[in-house]
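Which chain is which? The protein sequence lines are B and S, in order.
No gaps in the numbering here: position 172 of the first sequence is 172 in the UniProt record's numbering, and each next residue is one more.
No gaps in the numbering here: position 66 of the second sequence is 66 in the UniProt record's numbering, and each next residue is one more.
Note that the Cβ used here is the ideal one computed from N, Cα and C, for glycine as well.
There are 2 protein chains.
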Amino acid sequence: MAKETIAGLARRLGISKASVSYALNGQPGVSELTRRRVLDLAEELEWYPSSSARALSRSRSGAVGMVLSADPLLIGTEPYYMGLLAGIETALAEGDMALMLRMIGKDPAQERATYERWAGERKVDGVLIFDHLHDDPRPALLERLGLPFVLHGATGMEAPPAFSATTTENAADAATIVDHLHERGHRRVAHVSGPLTHRQEEERIRGVRKSSARHGIDVVQYEANYALESGREAVVALFGTRSAESATAVVFGNDLMSMGGLLALRELGLRCPEDVAVISWDDSLHCQLASPSVTALSRNPTMQGRVAAELLLSLLDTGEARVRSLPRTELLVRDSTAIL
Amino acid sequence: MAKETIAGLARRLGISKASVSYALNGQPGVSELTRRRVLDLAEELEWYPSSSARALSRSRSGAVGMVLSADPLLIGTEPYYMGLLAGIETALAEGDMALMLRMIGKDPAQERATYERWAGERKVDGVLIFDHLHDDPRPALLERLGLPFVLHGATGMEAPPAFSATTTENAADAATIVDHLHERGHRRVAHVSGPLTHRQEEERIRGVRKSSARHGIDVVQYEANYALESGREAVVALFGTRSAESATAVVFGNDLMSMGGLLALRELGLRCPEDVAVISWDDSLHCQLASPSVTALSRNPTMQGRVAAELLLSLLDTGEARVRSLPRTELLVRDSTAIL
DNA sequence: CTGAAAGCGCTTACAG
DNA sequence: CTGAAAGCGCTTACAG
Chain B
1 MAKETIAGLA
11 RRLGISKASV
21 SYALNGQPGV
31 SELTRRRVLD
41 LAEELEWYPS
51 SSARALSRSR
61 SGAVGMVLSA
71 DPLLIGTEPY
81 YMGLLAGIET
91 ALAEGDMALM
101 LRMIGKDPAQ
111 ERATYERWAG
121 ERKVDGVLIF
131 DHLHDDPRPA
141 LLERLGLPFV
151 LHGATGMEAP
161 PAFSATTTEN
171 AADAATIVDH
181 LHERGHRRVA
191 HVSGPLTHRQ
201 EEERIRGVRK
211 SSARHGIDVV
221 QYEANYALES
231 GREAVVALFG
241 TRSAESATAV
251 VFGNDLMSMG
261 GLLALRELGL
271 RCPEDVAVIS
281 WDDSLHCQLA
291 SPSVTALSRN
301 PTMQGRVAAE
311 LLLSLLDTGE
321 ARVRSLPRTE
331 LLVRDSTAIL
Chain S
1 MAKETIAGLA
11 RRLGISKASV
21 SYALNGQPGV
31 SELTRRRVLD
41 LAEELEWYPS
51 SSARALSRSR
61 SGAVGMVLSA
71 DPLLIGTEPY
81 YMGLLAGIET
91 ALAEGDMALM
101 LRMIGKDPAQ
111 ERATYERWAG
121 ERKVDGVLIF
131 DHLHDDPRPA
141 LLERLGLPFV
151 LHGATGMEAP
161 PAFSATTTEN
171 AADAATIVDH
181 LHERGHRRVA
191 HVSGPLTHRQ
201 EEERIRGVRK
211 SSARHGIDVV
221 QYEANYALES
231 GREAVVALFG
241 TRSAESATAV
251 VFGNDLMSMG
261 GLLALRELGL
271 RCPEDVAVIS
281 WDDSLHCQLA
291 SPSVTALSRN
301 PTMQGRVAAE
311 LLLSLLDTGE
321 ARVRSLPRTE
331 LLVRDSTAIL
């Protein structure tokens, strides 16, 4: 059977193409009777309007883009992003928007090229971007390209940003973590952060310092890069030559580094939590399954994804940029910070 | 600035729209000089042809669809799919195709509805489907919808399927696993499979039985459902009341069940590998991080995704259905099957 | 409430 | 090698 079109439906029903279109799109301009007849026929024929014709005439693609930039090796091991993706897709589908996904390596030029192309081809109506960087070039780029966007997890802005964004309460999260460690009796803490090119890490560091100062806790900072291996290296650097001043607890910036750290502690013959307690700034199945299981701050990535996607939908709808702070996080206390 | 179009480029260069189009698409019909001038101008203006206009006139969307159907809870914990996704996306991008992703619950009606809609709207040129089921309705549905597809991981076909598919060597994989256990001295083995609605599980079960018979190994089957919890339940059922006839090794159908199994063994006071060895039919970071680390059959999901995507690209290109068997798997021997 | 027509921005025979 | 024109299948003022 040849593909049915709006003209075919119109002919069958003895009405004009315009009426069919109005009926389908819930617009005024057709009687209720006509509308019903159109809708019924469409359903009977299992017919849907062509998305490309619609996109062309509406100048809207009906899709939203998302570039996942990660090491091929890391992809699929970063549970946070997968939860985020699920939340985003669900919210987009409810708003009748499709999700276009691109996976690239850590080369920023590729991400940039993807946006340029998407904007030029009018392939997507907007994009979601992640990992707010220092001197992040993407907001200006997207602005210039005229591609609406939401920055998920904006941080370190003095004033509220001029664009749509979700923001994280990094200072509050830091307080949650440090308070917990203080309560467990720790007075010397190491903080293994992600790369400082990520603005959120600065904010977290400031938060950890401030909360620690309040409790009279000493803090050692160590900059790592979110990879499992870097968590391991951090622990070797921090505890390889152990002294009386060594920390009694480590805060890791994500779950993978926590796992690497745990491995390294074992290799060094240090017990967790007896010698060194561990706490992760991201929860995941890894934290649950590790032995000992790892106390973690759950950021609820699926919910976060939903919030970010809804913000983008509303931006596309109204053109109005908004900032929304993300739902509160929750500390899941497990064995790695057990009281002895 | 208003959006540039092919007509604009033509005017600037003093040539016709057709020439611009031919030049852009590498088609004959323009001189090399003209082609260069067009390409240079497009680059200078950062201009790309509108994807929806192109899609409409070519009757091709330039996108491929993929429905990930999984429990919201499981999403992001199934490392296999994430690796697969990465491989697929990379191969599609090389073929200049976009990936449209839809995530749904375990409701088969939703998957079906998505395909109907995609086909009707001409939103995607083809789809990739996974998890070959018993009496799988999808091949017939997609055939009827005229939506080209590749079934990833087809199994249990007497004759080669009439559609494009990748096939797994389940029998060979079973032999790899059983041979390894035999070599480690096991003579009573339990096999915790995924749900038998998945055709691959039947083939795996047959393979495990056959290889075991050859070695004189006793096999107990247990049907579970790929979830972590079901692996735990399996172990409780199999080893809760331990007897002299209990198995000395367990094969789990995926990595999550292996993790659940490991937890349950610990709860029952059974040591791994001393009392019970464990081997997983899928590798992942979980297997590496577990203690003991878990021996696993690595299926190389990223490579598999690439193969599946290439098959779909070639189907869309030539219209010719082909069957390709997936690259060989590799057994990664770790501590959970160590010799004592 | 309905119909004829232009327009969205490409591609592609067809005639020169 | 180049140009004028039709067509892809919708949406949307505009006139009735």
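Within chain S, the residues that residue i reaches when beta carbons sit closer than 7 Å
i: glycine 120 of chain B; result: Glu46, Trp47 and Tyr48
i: lysine 17 of chain B; result: The contacting residues do not exist; lysine 17 of chain B stays about 16 Å from chain S at best.
i: lysine 106 of chain B; result: Per Cβ cutoff of 7 Å: no residues; lysine 106 of chain B is ~13 Å from chain S at best.
i: residue 406 of chain B; result: This structure cannot speak to residue 406 of chain B, because chain B is shown only from 1 to 340.
Proximity below 8 Å, CB of residue i to CB of residue j
i: tryptophan 118 of chain B; j: glycine 65 of chain B; result: yes
i: valine 192 of chain S; j: alanine 224 of chain S; result: yes
i: serine 258 of chain B; j: valine 294 of chain B; result: yes
i: isoleucine 6 of chain B; j: alanine 309 of chain B; result: no
i: proline 160 of chain B; j: valine 323 of chain B; result: yes
i: arginine 271 of chain S; j: alanine 93 of chain B; result: no
i: serine 211 of chain S; j: alanine 175 of chain S; result: yes
i: threonine 329 of chain B; j: aspartate 218 of chain B; result: no
i: histidine 286 of chain S; j: leucine 289 of chain B; result: yes
i: alanine 264 of chain B; j: valine 235 of chain B; result: yes
Coarse secondary structure for residue i, derived from DSSP in three states
i: residue 411 of chain S; result: What the structure shows of chain S is the stretch from 1 to 340, and residue 411 of chain S is not part of that stretch, so it cannot be assessed.
i: histidine 132 of chain B; result: coil
i: valine 286 of chain S; result: Residue identity differs from the one stated: residue 286 of chain S is histidine in this sequence, not valine. In the structure shown, histidine 286 of chain S sits in a helix (DSSP, three-state: H, G or I).
i: methionine 1 of chain S; result: Low confidence applies to methionine 1 of chain S: its pLDDT is 48, below 50, so where it sits in the model is not reliable, and the reading given next is rough at best. Reduced to three states, the DSSP call for methionine 1 of chain S is coil.
i: alanine 113 of chain B; result: helix
i: valine 278 of chain S; result: strand
i: glycine 146 of chain B; result: coil
i: alanine 174 of chain B; result: helix
i: glycine 126 of chain B; result: strand
i: glutamate 46 of chain S; result: coil
i: alanine 63 of chain B; result: strand
i: serine 298 of chain B; result: strand
i: alanine 98 of chain S; result: strand
i: leucine 331 of chain B; result: strand
i: alanine 119 of chain S; result: helix
i: valine 208 of chain B; result: helix
i: residue 351 of chain S; result: With chain S running from 1 to 340 in the structure shown, residue 351 of chain S is simply not present.
i: alanine 23 of chain S; result: helix
i: proline 292 of chain B; result: coil
Listed by chain order, chain B residues near residue i by CB distance under 8 Å
i: alanine 309 of chain S; result: What alanine 309 of chain S touches in chain B: nothing, since even the nearest Cβ is about 12 Å away.
i: histidine 286 of chain S; result: Leu285, His286 and Leu289
i: glutamate 89 of chain S; result: Leu101, Arg102 and Met103
heavy atom of the ligand PLP below 7 Å from residue i C-beta
i: proline 292 of chain S; result: This structure lacks the ligand PLP; in fact it carries no ligand of any kind.
Which residues DSSP lists as bridging residue i, in chain order
i: valine 189 of chain S; result: S/Val219 and S/Ala249
i: threonine 166 of chain S; result: S/His152 and S/Arg324
i: isoleucine 104 of chain S; result: S/Ser69
i: glutamate 233 of chain S; result: Glutamate 233 of chain S pairs with nothing; no bridge assigned.
i: histidine 198 of chain B; result: B/Leu133
Among the options, nearest to residue i - alpha-carbon criterion
i: arginine 188 of chain B; options: B/Asp179, B/Met97 and B/Ala224; result: B/Asp179
i: serine 298 of chain B; options: B/Arg306, B/Leu311, B/Pro292 and B/Asp282; result: B/Asp282
i: glutamine 200 of chain S; options: S/His215, S/Met97, S/Tyr226 and S/Ile217; result: S/Tyr226
i: leucine 151 of chain B; options: B/Glu233, B/Ala321, B/Ser230 and B/Leu45; result: B/Ala321
i: histidine 132 of chain B; options: B/Thr168, B/Ala113 and B/Leu13; result: B/Thr168
i: asparagine 25 of chain B; options: B/Pro327, B/Glu274, B/Leu270 and B/Arg58; result: B/Arg58
i: glycine 319 of chain B; options: B/Asp125, B/Tyr81 and B/Asp173; result: B/Asp125
i: alanine 113 of chain B; options: S/Trp47, S/Gly120 and S/His134; result: S/Trp47
i: asparagine 170 of chain B; options: B/His198, B/Leu145, B/Phe163 and B/Arg144; result: B/His198
i: histidine 186 of chain B; options: B/Leu312, B/Glu121 and B/Pro273; result: B/Pro273
Contact list for residue i against chain S, beta-carbon separation under 8 Å
i: arginine 117 of chain B; result: Tyr48
i: alanine 338 of chain B; result: Per Cβ cutoff of 8 Å: no residues; alanine 338 of chain B is ~17 Å from chain S at best.
i: leucine 99 of chain B; result: Met100, Leu101 and Arg102
i: methionine 303 of chain B; result: Going along chain S, no residue has its Cβ under 8 Å from methionine 303 of chain B, so there is no contact; the nearest lies around 11 Å.
i: alanine 165 of chain B; result: Under the 8 Å cutoff, chain S gives no residues; its nearest Cβ is about 23 Å from alanine 165 of chain B.
Proximal residues of chain B, C-beta to C-beta of residue i below 7 Å
i: methionine 259 of chain S; result: Leu289
i: alanine 296 of chain S; result: The contacting residues do not exist; alanine 296 of chain S stays about 15 Å from chain B at best.
i: alanine 23 of chain S; result: Ordered by position in chain B, no residue passes the 7 Å Cβ test against alanine 23 of chain S, which lies about 16 Å from the chain.
Neighbouring residues, chain B, relative to residue i (Cβ below 9 Å)
i: alanine 234 of chain S; result: Per Cβ cutoff of 9 Å: no residues; alanine 234 of chain S is ~17 Å from chain B at best.
Proximal residues of chain S, C-beta to C-beta of residue i below 9 Å
i: alanine 224 of chain B; result: Within chain S, no residue comes near alanine 224 of chain B; the closest Cβ sits about 17 Å away, beyond 9 Å.
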